[in-house]
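Here the sequence shown is numbered in this note's numbering, starting from 7 and rising by one per residue.
Below: one structure, written as structure tokens.
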Amino acid sequence: MPPSPDISEIAESLLSVMRLLRKRVDAAMAKQGLSLARGALLCAVQQGGQCRPGELAVQLGLSPRSITDALDAMEQDGLVTRQRHPTDRRAQLVSLTAKGEAALHQAEVPRLLAIEQLLSGLDDNQRGQLLAALRVINRQG
């Protein structure tokens with residue numbers, strides 16, 4: 007059975023919304039001195055506590071080299087620290103600094119406002135339906 011004709015439109019619409027979401031959230035976070043990518047990395051470090059760079063790469067779907075470059079810049083900016091692992095001398099552990107915590111906190115409200123503005127054309131019922139549909143898709147992973 008061939009795919010229904012609206013599949014392409016759904017896919018294009020999802021991609022378009024993602025581009026729009028990234029653009030708006032990135033602009034909102036830039037006003038706080040963060041990019042969307044840096045914000046995502048800081049959130050991953052915050053959620054994981056002390057974690058290895060390789061774990062962050064897997065979690066964010068990035069190459070280890072990309073994570074290393076990003077962590078180098080963020081460490082230089084005072085947002086994260088890296089320390090030797092206590093039992094594995096080859097490994098490092100990444101932690102958020104107080105400055106990194108503050109940057110995440112300051113960017114949270116502008117980030118949420120940008121998302122709220124993007125969804126402002128939907129009423130509560132439509133938002134609920136959208137969320138339910140997205141949850142189904144995400145579960146299929």
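Virtual Cβ for every residue (Gly too), placed ideally from N, Cα, C.
By the neighbour-count definition (other C-beta atoms within 10 Å, threshold 16), residue 35 is a buried residue. Here residue 112 is not near residue 65, since their CB atoms are 8 Å or more apart. Look at residue 90 here: in three-state DSSP terms it is strand.
Counted as a single uninterrupted DSSP element, the beta strand (DSSP E) harbouring residue 99 occupies residues 98–102. Shortest Cα-Cα distance from residue 30 to any of 136, 138, 118, 146 involves 118. Nearest neighbour of residue 105 by Cα position, chosen from 82, 93, 89, 94, turns out to be 82. Cβ contact annotation for residue 28 (same chain, cutoff 7 Å, sequence separation greater than five): 42, in chain order. Distance from the CA atom of residue 57 to the CA atom of residue 143, rounded to whole angstroms, is 29 Å. By alpha-carbon distance to residue 100, the top candidate from 140, 48, 23 is 48. The beta carbon of residue 124 lies closer than 7 Å to those of 26, 27, 30 in the same chain, with the five residues before and after it left out. Membership of residue 55 in any alpha helix (DSSP H) is not indicated, and neither H nor E is assigned to it by DSSP.
Residue nearest to residue 86 within the set 97, 67, 93, 110 is 110 (criterion: CA-CA distance).
Considered as a whole, the region 31–85 harbours 42–54, 59–66, 70–82 as its complete alpha helix (DSSP H) runs of no fewer than 4 residues, in chain order. Cβ contact annotation for residue 74 (same chain, cutoff 8 Å, sequence separation greater than five): 59, in chain order.
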